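Step one of this worksheet: look at the structure below.
Protein chains in written order, with our numbering: chain A, 4 to 486; chain B, 6 to 326; chain C, 29 to 573.
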């Protein structure tokens with residue numbers, strides 16, 4: 004029986020009860036043979052974890068961070084794989100489907116062609132009389148010419164004696180309280196008693212009102228309701244399907260996110276825009292970080308005059324007017340026709356925003372430079388380059404990484420803001436920011452044009468922020484686990 | 006030993022000197038940039054006959070060689086005269102700054118107050134109630150505040166107020182404009198939202214970090230009441246990063262309110278600057294750039310000095326030695 | 029943390045929040061619209077997009093200045109309710125081939141009581157053409173004798189062909205017969221300026237409220253730069269009896285159309301111009317809308333310089349044959365009532381007795397895909413086998429980008445052309461236009477006076493606004509004839525012939541004639557819109573609560 008057992012069999016053998024007590028009573032010569040040397044002086048109770056592996060484990064446990072990582076991956080997949088699955092041209096305009104909300108596939112019939120509209124001039128009416136507009140009565144009758152359709156609505160009315168012309172209004176609900184609707188037409192001449200409306204007709208009910216006028220408008224209208232059915236004109240149909248004839252049907256493919264003001268598919272544009280926004284959002288901070296770390300690291304490490312001059316240079320870059328230099332870069336880099344302006348914006352953003360990383364790195368390096376392990380390393384004869392690479396930079400990497408994930412939303416926002424003031428990417432390249440800018444004009448009547456790009460921006464920004472939070476918690480050495 | 010006043014004074018003077026140099030370099034760089042960019046301040050939508058253009062160029066001194074123009078500009082700046090705006094032809098740039106900077110400054114200061122107070126308050130709340138419902142809701146709102154672009158907030162805010170006024174039948178808050186405290190509330194809130202969200206998180210993480218510190222444990226072990234620990238130890242230390250951030254934030258907010266000023270019709274300086282850039286109004290661009298640059302440099306110096314006072318461990322004067 | 033301390037913090041927080049809410053949000057209700065008693069002043073409130081650079085009538089160039097000057101000042105003539113020229117400071121006049129005489133009213137006075145005299149007109153006109161004033165609109169006075177020479181520095185300002193025969197008689201000598209001279213006299217550049225007032229404030233004339241002297245319906249009571257302006261009814265105006273609105277306030281200046289809309293809906297302003305995107309919302313909110321054709325014409329300007337693809341007639345013709353202005357107007361421009369573009373000269377322009385368009389009718393060009401393909405093939409041959417990418421220059425507004433994208437897609441789909449959009453902000457776009465660094469640019473022109481000449485002279489070789497450098501000797505000859513002929517018929521015939529040349533050669537591609545939809549509060553009536561003249565015109569407007 005041996006007194007000291009190899010470590011693999013568990014610790015604390017000596018503390019076990021029964022065997023040890025029995026062994027002590029009977030001593031035999033074998034007990035005095037030399038004990039084997041155990042090389043393993045201590046047992047590793049768990050696998051050795053480097054700083055990074057430990058951080059990764061901690062990150063994995065953080066549910067929020069994992070979720071945000073998943074979102075980031077989903078967005079990347081959307082950007083890269085999306086266009087392969089959803090094969091719709093983001094610049095194809097379908098002018099009959101302007102600003103539609105999300106919709107499924109449907110069909111519309113092709114309407115018969117119309118003869119050209121001929122104005123109805125009633126003979127025997129004085130075209131320029133002098134009665135006061137406010138006293139004019141409404142036209143005695145209001146009728147349609149032909150069959151009203153989404154192609155055109157043609158009206159005719161009985162002329163009013165004393166009128167110098169007429170105004171035609173169109174409302175979406177029954178006119179009340181003096182509200183007549185959108186002024187769709189001005190007719191000059193008291194003897195012209197017809198009008199054709201082709202403006203933006205949708206398949207719904209309209210109330211048309213006609214009032215007489217002579218300088219001022221008569222307050223008394225004649226109103227009539229009409230209900231229009233879905234349809235598409237032959238000319239428009241032929242742009243979608245060659246050789247379309249009246250009686251055919253045209254298929255409108257589904258648009259899950261709706262269409263924009265030129266009838267382009269929003270989903271396809273979001274994918275194309277994702278490329279731009281994410282490319283800028285990722286590359287600009289990346290490059291800015293690289294430059295900032297280099298400059299800040301060198302500045303903090305070198306100290307003295309070098310540090311002072313570099314920091315003054317940083318202050319100078321900080322105080323430059325961003326907008327003006329943005330234009331300058333765009334012009335200097337020839338952001339002109341055909342080029343999307345992404346390169347120019349990227350360079351401008353990098354050139355004007357590396358200062359944050361520089362100051363951060365410098366602060367960290369200054370702090371770490373005086374810490375014990377660095378001093379020890381220096382005493383042991385380490386060269387400056389070795390110190391920088393092996394000790395200082397890796398320890399700042401945590402902070403840098405976190406700052407990087409927070410800089411990404413900032414870059415996306417800056418791009419959105421520049422698009423908002425009209426200095427973003429060149430058309431027709433879409434970006435989420437420029438889509439927001441377009442959508443905000445019609446936010447209250449066609450909310451989908453703003454909501455979807457804004458939601459994508461928000462989701463991306465949110466994901467990166469949470470990821471940054473998680474990374475910071477994971478990389479904080481003070482929170483290293485002790486199990 | 007000698008008191009710390011003289012090194013501090015020397016340090017301040019050195020920083021101010023460096024600041025002046027910085028402003029000079031900024032002015033020169035902007036002057037160069039402006040003249041490289043194609044276009045000029047006098048062309049308009051309706052083209053001009055050559056004799057009319059010649060007259061205008063002579064009037065504004067644009068026909069002189071560029072080095073001469075630069076010299077004239079520098080001379081004027083030293084005298085404190087930034088010239089007359091090209092687009093507002095009877096107003097000097099000084100007038101513009103004098104009339105509109107106070108508006109931007111008031112808006113900016115109010116926004117910072119809102120952001121600072123809100124940030125510290127909410128950050129403390131979430132740190133105190135960590136993990137509970139209050140924490141989660143506030144953090145969610147904070148994320149929303151960071152991730153929605155500012156112009157969306159501005160437009161939405163204005164729309165909500167309009168609808169509310171219509172519903173109530175009276176003016177709860179003015180929809181736009183400037184003049185009374187009530188005019189300032191909504192714009193300040195919108196302007197400060199992003200900063201407030203950021204400060205909340207900063208405060209929160211700062212507080213959480215401090216909780217683990219040794220001196221807090223000592224204070225608890227000593228038996229100090231929790232309120233005292235929070236107020237005189239945690240809060241004071243956690244506020245440091247917030248103060249560091251405030252310096253550039255003040256400058257950024259006072260000068261970056263373009264969106265808010267346009268949407269809420271506030272006669273501030275941010276609008277003027279963006280319009281000046283778009284109109285290539287040389288004098289206004291130069292004047293405002295120099296002004297902003299000086300302001301920013303001043304703010305940064307101030308914050309560094311204040312930082313030295315707040316945190317006794319840091320002595321910037323010594324750090325420079 | 030102990031429960032007690034937590035509670036204390038919570039309570040403090042709530043107390044603070046409640047206090048803040050009470051202080052900030054307790055509504056102090058006040059009536060949104062004006063007072064209702066009959067003796068209270070009738071006030072109109074407006075919002076404008078940009079502050080006028082100054083209100084000096086000898087230097088003003090933009091429409092906001094024109095609007096304000098039309099209410100603050102009055103010239104020899106002005107515009108009536110129907111858009112015709114009616115007597116202003118001048119009660120009657122005689123216009124001859126090369127001269128004119130204006131007889132001023134005896135009861136017309138300045139706001140400080142002194143009478144408006146012919147000397148005031150002479151001084152103002154001389155100041156306009158004086159090269160030291162460097163006025164951008166000096167050219168508008170070139171029909172007056174010696175004006176061009178004075179502006180070029182060859183003669184002193186006193187040589188101008190305008191003189192005061194006596195205090196109330198103004199004699200004008202013209203360089204050549206000018207059929208539209210009467211229309212020019214209503215233009216702001218021709219308004220009077222009193223010499224002693226002007227000279228007493230060097231470089232400060234019309235810079236602030238106290239530095240402008242009115243002879244028109246309103247005086248400038250208050251001007252806070254960048255913030256607000258107030259106009260008060262001028263009791264000394266000779267026709268003050270017809271002015272029904274006592275005060276016009278402009279409390280807001282902003283470029284944001286949403287802010288303007290919200291202000292209108294909130295009752296803070298009385299009129300509102302609507303963008304295409306706001307029409308749906310306006311219908312939902314049931315705003316009282318009116319349409320106004322503002323007389324401006326929009327077109328695509330081609331670059332005719334050598335070496336550019338658009339210098340090829342066949343290419344331009346092909347583009348003309350695939351462009352459908354009706355589709356463009358109804359889908360992309362999106363304002364109801366907008367007229368598809370037919371010609372450089374829009375349909376409202378008066379001719380001899382009736383509209384110019386009615387007297388010289390044009391057939392709109394019909395689209396023809398086959399012919400367009402043929403023209404394209406000819407263009408390809410002319411340009412050496414392939415057509416290079418075309419540069420479409422546009423400005424930085426959201427609507428402009430949308431229009432450019434429409435054309436890009438149209439030309440790609442119908443003709444297979446590669447069009448690249450070059451978006452530039454205002455000044456850079458102007459620079460590129462001047463340098464000829466474009467192939468197609470979207471352009472527009474608003475009329476200065478009511479005669480075809482304001483549009484027709486755009487394509488002459490001497491006009492600076494002819495950015496595409498279109499050159500046609502016959503066109504120049506016809507316009508010169510129209511400018512110097514005394515006989516109205518000859519002028520109109522010449523301009524009609526020139527118009528036809530421009531269209532046949534596709535010098536430009538007319539796209540649309542603009543209509544503006546605007547809304548007004550029900551309490552305001554009688555707003556007059558002018559195609560030429562101060563627009564909108566509130567001198568005929570009334571307010572009834």
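Just so it is clear, CB atoms sit at the ideal spot from N, CA and C, and this is done for glycine as well.
A quick note: this is a predicted structure, and the numbers were derived from the prediction, not measured.
- Secondary-structure assignment with DSSP links residue 208 of chain C through no beta bridge to anything.
- With fewer than 16 other beta carbons inside 10 angstroms of its own, residue 146 of chain A counts as exposed.
- Uninterrupted beta strand (DSSP E) stretches at least 3 residues long and entirely within the segment 476 to 525 of chain C do not occur.
- Per the Cβ contact rule, the segment 319 to 327 of chain C is not in contact with the segment 447 to 457 of chain C (fewer than 3 Cβ pairs under 8 Å).
- Under DSSP, the beta-bridge partners assigned to residue 191 of chain A are A:168.
- Closest in C-alpha terms to residue 235 of chain A, from the list A:83, A:154, A:180, A:285, comes A:154.
- Residue 239 of chain A is a Cβ neighbour of residue 99 of chain A, given a cutoff of 9 Å.
- For residue 151 of chain A, the closest alpha carbon among the candidates A:91, A:232, A:165 is that of A:232.
- When DSSP reads this structure, residue 544 of chain C sits in a beta bridge with C:320.
- Taken through DSSP and simplified to helix, strand or coil, residue 536 of chain C comes out as strand.
- With respect to chain B, the C-beta atom of residue 550 of chain C has no partner C-beta closer than 9 Å.
- The Cβ atoms of residue 262 of chain A and residue 317 of chain A lie no closer than 9 Å to each other.
- In the DSSP assignment, residue 434 of chain C falls within the alpha helix (DSSP H) that extends over 426 to 443.
- Taken atom to atom, the span from the alpha-carbon of residue 175 of chain C to that of residue 519 of chain C is near 22 Å.
- Scanning A:53, A:457, A:66 for the CA closest to the CA of residue 273 of chain A turns up A:457.
- Residue 210 of chain B sits in a helix when the DSSP states are folded into three classes.
- Contact of residue 439 of chain A with chain B by beta-carbon distance below 9 Å involves 154, 156, 157.
- Distance from the Cα of residue 395 of chain C is smallest, within the candidate group C:435, C:346, C:428, for C:346.
- Closest by C-alpha distance to residue 206 of chain A, out of A:156, A:427, A:406, is A:156.
- Its Cα nearest to that of residue 117 of chain B, the residue B:201 stands out among B:191, B:75, B:201, B:45.
- Of all alpha-carbon atoms in A:86, A:224, A:454, A:384, the one lying nearest the alpha-carbon of residue 183 of chain A is that of A:224.
- Here residue 572 of chain C is exposed, its C-beta having fewer than 16 other C-beta atoms within 10 Å.
- Under the 9 Å criterion on CB atoms, residue 280 of chain C is classed as interfacial with respect to chain B.
- Apart from the 5 residues on each side of it in sequence, residue 294 of chain A sits with its Cβ closer than 8 Å to the Cβ of 353, 357, 360, 361 in its chain, given in chain order.
- Per the Cβ contact rule, the segment 215 to 223 of chain C is not in contact with the segment 189 to 202 of chain C (fewer than 3 Cβ pairs under 8 Å).
- For residue 112 of chain B, not one C-beta of chain C is nearer than 9 Å to its own C-beta.
- Contact residues of the segment 106 to 135 of chain C toward chain A are 109, 110 (C-beta to C-beta distance below 8 Å).
- Of all alpha-carbon atoms in C:139, C:369, C:209, the one lying nearest the alpha-carbon of residue 264 of chain C is that of C:139.
- In terms of Cα proximity to residue 304 of chain C, the closest of C:188, C:237, C:115, C:362 is C:362.
- Cβ neighbours of residue 168 of chain C within its own chain (closer than 7 Å, five residues either side excluded): 212, 215, 217, 476.
- Within the model, the alpha-carbon separation for residue 383 of chain C versus residue 323 of chain C is close to 13 Å.
- Residue environment for residue 102 of chain C: buried (at least 16 other C-beta atoms within 10 angstroms of its C-beta).
- Within 10 angstroms of the beta-carbon of residue 193 of chain C lie fewer than 16 other beta-carbons, which makes it exposed.
- For residue 107 of chain C, the pairing in a beta bridge is given by DSSP as C:113.
- Taking a Cβ-Cβ cut-off of 7 Å, residue 254 of chain B has no neighbours in chain A, whose nearest Cβ is about 13 Å from it.
- Sorting A:476, A:167, A:268, A:166 by C-alpha distance to the C-alpha of residue 103 of chain A places A:268 at the top.
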